[in-house]
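According to my numbering, the residues represented by the sequence shown are 7 to 69, in order.
The block underneath contains the structure these notes are about, expressed in structure tokens.
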Amino acid sequence: MTLDSLKHSAILSTLFKMADDNELIGASEFIKDRLYFATLRSKPKSTANTHYFCTDDEFVYEK
């Protein structure tokens with residue numbers, strides 16, 4: 007995802023920092039302007055237009 011596509015996404019521009027080479031760090035867009043995967047330090051609050059969820063407490067990993 008480049009700087010040009012980031013400018014069109016208000017959600018992404020508020021959530022993620024960018025590297026020096028204008029590439030987005032920590033996010034992947036699966037469905038354009040609809041579905042993103044991201045690694046965040048804390049869970050943002052959902053709004054009427056966005057839904058955030060975390061699977062950290064859903065999966066149990068065995069050693």
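Idealized CB from N, CA, C, for every residue including glycine.
Could you tell me if residue i is buried or exposed, where buried requires 16 or more neighbouring beta carbons within 10 angstroms of its beta carbon?
| i | result |
| --- | --- |
| Y42 | buried |
Is DSSP giving residue i helix, strand or coil here?
| i | result |
| --- | --- |
| L41 | strand |
| E64 | coil |
| S34 | strand |
For residue i and residue j, which I take to be in contact (beta-carbon distance under 8 Å), what is that distance rounded to the nearest angstrom?
| i | j | result |
| --- | --- | --- |
| Y58 | K69 | Not a contact, Cβ separation roughly 29 Å. |
Excluding the five sequence neighbours on either side, which residues of its own chain have a C-beta within less than 7 Å of the C-beta of residue i, listed in chain order?
| i | result |
| --- | --- |
| C60 | K49 |
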